[in-house]
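With the working numbering applied, the sequence shown corresponds to residues 51 to 653, in that order.
See below for the structure under consideration.
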Amino acid sequence: MTKSQTSRMAFPFSILCLIPITALNSWAIDATYQYYRFTTTQTAGDSMIQVSEFDLINDGNKVDYTNLTVTNPGGNSPGNEEPPKIIDGDTNTKWLDFNIAPLVFTFNAPVTIDGYNFATANDALSRTPISWTFEGSSDGATWVAIDSRSSVTPPGSFFTFFDNAFEFTDSSAPAITQFSSDNIILPATEGFNLTWTSLNGISADLAPSVGPVAASGNTVVNPPADTDTSYTLTVNNGAASAAEDLTLRAVTQSASTHRYFRFTSLKLRNGAAANSIQLSEFRFSNGGIPVVPSAVANPGGDSPAGEGTANLIDGNDFSKWLDFNRQPLIFDFGGPTAIDAYSLTNGNDAPERDPVRWVIEGSDDGSSWSLVDNVSSFDFPVPTVRNTSFQAISFPVPLNAGGLPTGNFPIVDSFRADPSIQLNGNDSDLIWDVLLTDAVSITPGVGNNLLPTGMQSISPASNTDSPYVLTSNGSTDTTAATVRSVAQGTAEFRYLRFTPTKVRSYETAVGVQLSEFTFANPGGTVTPASVVNPSGDNPAGQGASNLLDGDTTTKWNDLNEGRLIFDLGSLTEITSYALITADNSPGLDPVRWILEGSNNQSS
């Protein structure tokens, strides 16, 4: 459930452009097969994958696609974002797969290629593959490894091919296709079961303490108690190497006895996109036996009807608690109660609302609190599958008894400038909210020992981007907010093209939406004669014309996240523009975009 909201963003005029580049080294090794398979083993950070175009290349040219079909066995794609989009010659369309399943290219006869390349899509660079395998087959059943890549730096812009195509060589670099543990936090008396697989690896090393291991395999490790240990797997094949890290926490499990336990979320999976926090169940235990609180409170919270705190202890994974204000939970056990472990279950939707860092405190009177557990030094790997329980997490021995350090670590909940783009000579406000610290400092020139929550006016330099950096007491980590000051510009065009390149919830959202889009010049508001959304996929009643109807209760929604072309009717001067968000789903708000002008719709 989301809250309705409408907001206006106004900007001085500017125009940007983007050009994709493709290149190929001609000294490549040939491969000839009827079937080719591309399998992503890692994206740039997302739990889904997308590509706008995929070129199979021979001698510097894309091969003939006339008799080519593309499938995605095991994939799950939205309508109009299916595999054939990657061979339609248009980077404005894309293939998206929620399951990150392989792509299979099928020709009607063997075809020779010596390399390949692919292009980013219209948003969410984190969905771009960065590690993968590429295979060939003569029968579609038996596959031969041709190429593999690991941790490749992706293009930094949308609609863009990699600068250099990936050519086949005699010795492909190894790729780590899996490096994981059954659990991330365990009692020190239990071992962690590590599993890894690699492609094109000959030997491997696991540090610290383990040493040489097989290129694919598993082992049990016993890291030191009451600390976080980072394990590094390095795979080699004589020509190149690949490495990945995994952090594990071993704790000396100890029961903590209190009447009240308080859970405070410090970070959500995607806090910028989430309008709330949610969980479906919160379970406690002692010695493996469930212990159920008598009540749960959420002071300062704002929950929709039917999504209150009682749902957290009703034993039903398909009901949930949701809080728009992201406030702590206080569990009351009715009297002093020993607890030595807990487990959380995520909600039914919106993965961006999942907590990934938190602290748990205990109290005997509900007013004086002591820290019991601190999961704030790394993001807990919360399942992306909905209504799924996290692993049981053991309480550590308190710090003063020699256990895991549970001291407070500052967490920046938000730090932003408002407005972030403005005319020269105007002031902006810096707004911040930092948890678990007593003071912050902001440079340049804002101040030291500022309150952890506050707002201060700033006068940024003209004609430049001015970065401001926040540092919390007790931490060396920094967070930046940037203000752009520009001179008033003027553009004269008949057509204006708006291309959204990122939405707020780019990791999970499918689509983009706005309620109104307006332009202005010194004479006042300029209303376009019409607007079109080429290649758009609009739900009924949510077409582009709603952007010009003057009604913020209607909206434009495009599941393809495509471009808008505004026709002003004739050559028209424009000095600024404004976007108005829609009535719900803030994850679909555009947060990055390109605006271009034309007098003929071709240049």
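Cβ atoms here follow ideal geometry from the backbone N, Cα and C, with glycine treated the same way.
C-beta atoms of phenylalanine 157 and asparagine 122 nearer than 8 Å: no
Reference aspartate 483; option with closest CA among Gln506, Ser266, Thr143 and Lys112: Gln506
Three-state secondary structure (DSSP) of asparagine 75: A caution first: asparagine 75 carries a pLDDT of 35, below 50, which makes its placement in the model unreliable, though a value can still be read off. In the structure shown, asparagine 75 sits in coil (DSSP, three-state: anything other than H, G, I, E or B).
Terminal residues of the beta strand (DSSP E) in which alanine 355 lies: Per DSSP, alanine 355 belongs to no beta strand (DSSP E) and is neither H nor E.
Of the residues Val641, Thr89 and Ile327, the one placed nearest valine 406, counting alpha carbons only: Ile327
Distance between glycine 504 and alanine 174 (C-alpha atoms, nearest Å): 31 Å
C-alpha distance - threonine 493 paired with proline 262, whole-angstrom precision: 47 Å
Best match in Gly251, Thr622, Leu394 and Val422 for proximity to proline 431 [C-alpha to C-alpha]: Leu394
Residues that lysine 552 bridges to, as DSSP identifies them: Arg642
Environment of threonine 170 [buried if 16+ CB atoms lie within 10 Å]: buried
C-beta contact flag for valine 301 and proline 237 at 8 Å: yes
Helix, strand or coil at arginine 376 according to DSSP, with G and I counted as helix: coil
Which of helix, strand or coil DSSP assigns to glutamate 402: helix
Rounded straight-line distance, which links the Cα of aspartate 463 to that of valine 521: Reading off the sequence, residue 521 comes out as threonine, not valine. Approximately 13 Å between the Cα atoms of the pair.
Supposed contact pair serine 176 and threonine 93 - C-beta distance, whole angstroms, cut 8 Å: 7 Å
Proline 378 beta carbon less than 8 Å from that of arginine 312: yes
Spatially closest choice to threonine 279 from Ala264, Ala265, Gly412 and Asp295, by CA coordinates: Asp295
Nearest to phenylalanine 567 (by Cα), restricted to the options Gly586, Thr528, Asp633 and Phe616: Phe616
Helix, strand or coil at proline 386 [DSSP, three-state]: strand
The beta strand (DSSP E) enclosing glycine 574, as first and last residue numbers: 574 to 576
Start-end ranges of the beta strand (DSSP E) lying completely within the segment 230 to 303, minimum 3 residues: 235 to 237, 242 to 249, 253 to 257, 261 to 263, 267 to 271, 277 to 286 and 291 to 301
Identity of the residue in Tyr392, Arg309, Ile380 and Gly384 nearest proline 340 by Cα: Tyr392
CA-to-CA distance, leucine 645 to valine 536, given in whole angstroms: 16 Å
Environment of asparagine 649 [buried if 16+ CB atoms lie within 10 Å]: exposed
Cβ-based neighbour list, phenylalanine 218, same chain, cut-off 7 Å, excluding 5 preceding and 5 following: Ala78, Ile79, Ala81, Asp164, Gly165, Ile196 and Asp197
Residues that DSSP places opposite methionine 505 in a beta bridge: Ile481
Close-in-space but distant-in-sequence residues of the same chain around serine 330 (CB under 8 Å, 5 per side omitted): Asn361, Leu362, Asn366, Asp367, Phe368, Ser369, Lys370, Trp371, Thr395, Asn396, Gly397, Asn398 and Asn437
Outcome for proline 343 when other beta-carbon atoms lying within 10 angstroms are tallied against a minimum of 16: buried
Close Cβ partners of leucine 298 (< 7 Å) along its chain, the five nearest in sequence each way excluded: Ser231, Ile234, Phe242, Pro273, Thr279 and Tyr281
Within 8 Å, strictly: CB atoms of alanine 478 and valine 519: With the sequence shown as reference, residue 478 is identified as serine, and alanine is not the correct amino acid for it. Not in contact: serine 478 and valine 519 (Cβ atoms no closer than 8 Å).
Alpha-carbon spacing of alanine 530 relative to asparagine 375, whole angstroms: 24 Å
Residue environment, proline 349, which counts as buried when at least 16 other CB atoms sit within 10 Å: exposed
Which listed residue (Leu283, Leu249 and Ser102) has its alpha carbon closest to that of proline 258: Leu283
Whole-number beta carbon distance between aspartate 587 and aspartate 608, since they are thought to touch under 8 Å: 6 Å
Nearest candidate by alpha-carbon position, reference glutamate 131, set Val101, Val194, Gly124 and Pro152: Val101
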